[in-house]
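Working notes, beginning with the structure itself.
Structure (structure tokens):
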């Protein structure tokens, strides 16, 4: 157990916590992007900066894995966790990009519900990262259960949005644009679930 | 060789066989979904149940890997095989979902040919799983060759369906819907091929 | 160091070089496909042959990994590199297929810029493969930096093409077709980047 408190390990946990904190910021920017009257150019620029900062953290983790002899858990799990967190950021950045690029005039209100789910996912993921250190199974399993609940909710939203897109009230070109956006949002939620699965794998091995 | 017949190993082979059997059921439900006059709501509900049952089996395999000291082959190969089989089920479930959700009135007859390929893939995959135990190369290579033949056939169907979708006889919105469905069917066949590749990898290592 | 010059290792490096050379050929065929007055059927047929040849090389690498006791670097890295190179070829083949299949009449000129980026990626990847043998970090890092620059450029092109597709000057059905093509081209560039990342991982481990 003492192993876990050596400086080198601390830095891994700190980096994962930082990585998840970037996601909280990214989800907030996504919400801002959907708000009425948003300066989309400006939000997209800040999202790009946030994505670069997240990239830096990911590279920091990869560098640390490659230069550290003893890691707090398996190297491949560290890679998986780091790249899983990075995938979420990339997808949120992509959603913001699509909204800007496609110049979508009217965004269906259901999109905000989906972004709200993403914000909750980001919050509980950020809260879970520091618990990796103590690996308290009870606390981590609350996190998996909650992510799973949110993923099911997001799936229901996604299906309702798709049905509405194809209901005939949108033109084909508009459907094409909106479908890219909502699919990316759903993939971001899935990516959060995939992070939770990696954490579960790690916890099972450690227990 | 005697190793392979210990109870713990038997349970892995049984679980893989069960997992593949779920796919036979899933492919049958997909065929039912396409049949004229099908009660789509009802088929979709049964598909959802089948997908949950398949999930249970997958989790059973993952739990078994994590709690077993000696596994019949490499842990990462067991993960790959379990999640490969699970991917097929998810894709077949997704295809059924799209058909229900998009309320597609007319399904091009070529879709049935593709689902027929999926049923054949499921049948020979289910027949191959028990052979993992004896790892008879000759029997398994028949399976790979057949899956490869089916994947090539599915690819030809897929290209013909796409060409027909874009021939001008479908409206853009209809194309969008049908494209999601046929793409998912093709991905399901690809996922079967990926399972066969994993089996091949395992067999090569064991030989 | 002497290890690296044994025949068995040489064959790995030769196979990787061959694999990358297939990509140079594939990118050239893609450029030919876009040229005005191209015999698309004929180019597509040659692309199919090139893709099969690349497949052969990939299988050769996999067979070599499975039958060789000592490999020049980790088996999983060899797999990752071989399948990464193979992914690029598959995507270029898919782009050619879509162009033929969809019978797209007018291809936006920006597509050629994107294919030009792919040709540059193929050239420098082919030039980098022989350097894997000496693993000279300085030479390889030039390659990563250049691939990264090209990937950023491709991303800018991609976004400009998407914005133009959705500008209103294309019909929905035409947008659907072109979107498949441009997305595949962008994925091919991403696949080149992923190859470069694998090479970087290998180099870091070896250093």
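Chains as they are written, first to last, in my numbering: chain H, 423 to 629; chain C, 423 to 629; chain B, 423 to 629. Every residue gets a Cβ at the ideal spot worked out from N, C-alpha and C, and that includes glycine.
- Around residue 454/B, the same chain offers 460 and 465 as residues with beta carbons nearer than 8 Å, after the five sequence neighbours per side are excluded.
- By the Cβ-count criterion, residue 441/H is buried, with 16 or more other Cβ atoms from all chains shown falling within 10 Å of its own Cβ.
- The way I'd put it, the stretch 593–613 of chain H doesn't touch the stretch 478–495 of chain H; fewer than three beta-carbon pairs between them come closer than 8 Å.
- Using a Cβ-Cβ cut-off of 9 Å, residue 550/C is close to nothing in chain B; its nearest Cβ partner there is about 20 Å away.
- Here DSSP, grouped into helix, strand and coil, assigns residue 620/C to helix.
- For residue 534/H, the enclosing alpha helix (DSSP H) covers residues 532–550.
- Scanning 444/H, 483/H and 536/H for the CA closest to the CA of residue 474/H turns up 444/H.
- DSSP places residue 528/C in the coil class of the three-state scheme, outside both helix and strand.
- In terms of beta-carbon proximity, residue 594/H lines the interface with chain B, with at least one pair separated by less than 8 Å.
- For the pair residue 613/H and residue 510/H, the Cα-to-Cα distance works out to about 5 Å.
- By the neighbour-count criterion, in which a residue is buried when 16 or more other Cβ atoms sit within 10 angstroms of its Cβ, residue 558/C is exposed.
- Nearest C-alpha to residue 590/C among 506/B, 551/B, 447/B and 525/B: 525/B.
- At a cut-off of 8 Å between C-beta atoms, residue 584/B counts as an interface residue with respect to chain H.
- With a minimum length of 4 residues, the unbroken runs of alpha helix (DSSP H) contained wholly in the stretch 445–519 of chain B fall at 462–489.
- Taking a beta-carbon distance threshold of 8 Å, residue 598/H counts as an interface residue toward chain B.
- Using beta-carbon distances, residue 523/B counts as an interface residue toward chain C, with a partner under 8 Å.
- Excluding five sequence positions before and after residue 565/B, the CB atoms of its chain that fall closer than 8 Å to its own CB belong to 546, 547, 549, 550, 553, 618 and 621, given in chain order.
- Contact annotation, residue 586/C with residue 535/C: C-beta distance approximately 12 Å; criterion of less than 8 Å not satisfied.
- Residue 457/H is classed as exposed because its beta carbon has fewer than 16 other beta carbons within 10 Å across all chains shown.
- For chain H, the residues of the stretch 475–501 of chain C that bring a beta carbon within less than 7 Å of one of its beta carbons are 488, in chain order.
- Apart from the 5 residues on each side of it in sequence, residue 499/B sits with its Cβ closer than 8 Å to the Cβ of 620, 623, 624 and 627 in its chain, given in chain order.
- One thing to note: residue 607/C has its Cβ within 8 Å of the Cβ of residue 540/C.
- In the structure shown, residue 589/H falls within a coil segment according to DSSP collapsed to helix, strand and coil.
- Within 10 angstroms of the beta-carbon of residue 567/B lie fewer than 16 other beta-carbons, which makes it exposed.
- Residue 581/H belongs to the set of residues whose beta carbon lies under 8 Å from a beta carbon in chain C.
- Relative to the Cα of residue 544/C, the nearest Cα in the group 434/C, 437/C and 449/C belongs to 449/C.
- Residue 496/C sits exposed, since fewer than 16 C-beta atoms from the chains shown fall within 10 Å of its C-beta.
- At a cut-off of 8 Å between C-beta atoms, residue 626/H counts as an interface residue with respect to chain C.
- What residue 520/B touches in chain H, judged by beta-carbon distance under 7 Å, is nothing: the nearest beta carbon there is about 16 Å away.
- Contact of residue 588/H with chain C is assigned, a C-beta pair being separated by under 8 Å.
- Nearest neighbour of residue 519/C by Cα position, chosen from 433/C, 579/C and 471/C, turns out to be 471/C.
- Straight-line measurement puts the Cα of residue 575/B at about 20 Å from the Cα of residue 562/B.
- Looking only at 514/H, 507/H and 438/H, the smallest Cα-Cα distance to residue 604/H is reached by 514/H.
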